[in-house]
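This report refers to the structure that appears directly beneath it.
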Amino acid sequence: MRFVVTAGPTREFLDPVRFLSNPSSGKMGFAVAEEAAKSGHEVFLVAGPVNLKTPKGVKRIDVTSARDMLKAVKGVLDRDSVLVGVAAVADFRPKVKAARKLHKGEMPETIELVRNPDILASVKCRHKVGFAAETDRVLESAAGKCRRKRLGMIVANDVTRPGAGFGTDTNLASFVFPDGNVERLPIMSKRRLARKIVERISKWF
Ligand code: PMT
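For the sequence shown, the residue numbers in my numbering are 110 to 314.
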């Protein structure tokens, strides 16, 4: 089976030296790619700017912005693929990107933003799995995203909890399904959580 995994943050530049982004390290997405490769799947890892080594047996495509990420995903995804969206994709980008560094006096008082495309929602393939980084109403928000993006499952993590979310080696997550079922998991390493996700997806084939 072909797995396409997105990982890390995206960067949305205002000018060549300033961007909007988030604290994603890529650890969770790289762990999913590594575990899928270990299980014998062909794996494409579409990675935002992160400082991690490519897992063995994984084909990596580096990207910067959400639009780059969407293009790269579309380039490798086919009808029979599984897409696992672990990336923390910036939902908005500055409407205008200056070609050179803006001097302080030239900076606008407010920055106009436009919505980025939603990668998971805009592609079709055999199975789609998402992640939801939440700070409140975690399961409810995750369930809504699962339905709206037509996912087989979403992995909800409350990024306010110690040992969960951005940059950590562990995560505290729940599997949320479109029918409303929820499977709560204890805190565990991102690698172990990744193995559980790949095992769960493998049951669908
Ligand atoms: O990288 P780490 O430091 O290990 O941190 C891991 C993590 C916290 C980034 C990861 O566990 C996580 O929760 N990833 C999803 C973060 C997120 O942006 O969630 P969201 O609720 O904004 O998006 C929901 C889903 O839609 C995600 O699968 C996301 O990849 C996808 N999405 C979102 C926006 C967009 N424009 N396109 C998308 O495909």
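Just so it is clear, CB atoms sit at the ideal spot from N, CA and C, and this is done for glycine as well.
DSSP state of residue i mapped onto helix, strand, coil
i    : result
A199 : coil
M137 : helix
V191 : strand
D177 : helix
L222 : strand
F210 : Going by the sequence as given, residue 210 is Lys instead of Phe. Here K210 sits in coil by DSSP.
Contact check, residue i vs residue j, beta carbons under 8 Å
i    : j    : result
A197 : V159 : no
L294 : A282 : yes
K237 : L179 : no
E243 : A265 : yes
G239 : G194 : yes
A182 : V205 : Reading off the sequence, residue 182 comes out as Val, not Ala. Going by C-beta atoms, V182 is not nearer than 8 Å to V205.
R202 : L129 : yes
Burial state of residue i, where buried means 16 or more other Cβ atoms lie within 10 Å
i    : result
M137 : buried
M262 : buried
F139 : buried
K162 : exposed
E143 : buried
S231 : exposed
For residue i, the residue or residues it bridges with in DSSP
i    : result
I170 : V155
N280 : M297
List in chain order: all unbroken beta strand (DSSP E) runs of 3+ residues lying wholly within the stretch 239 to 272. 262 to 267
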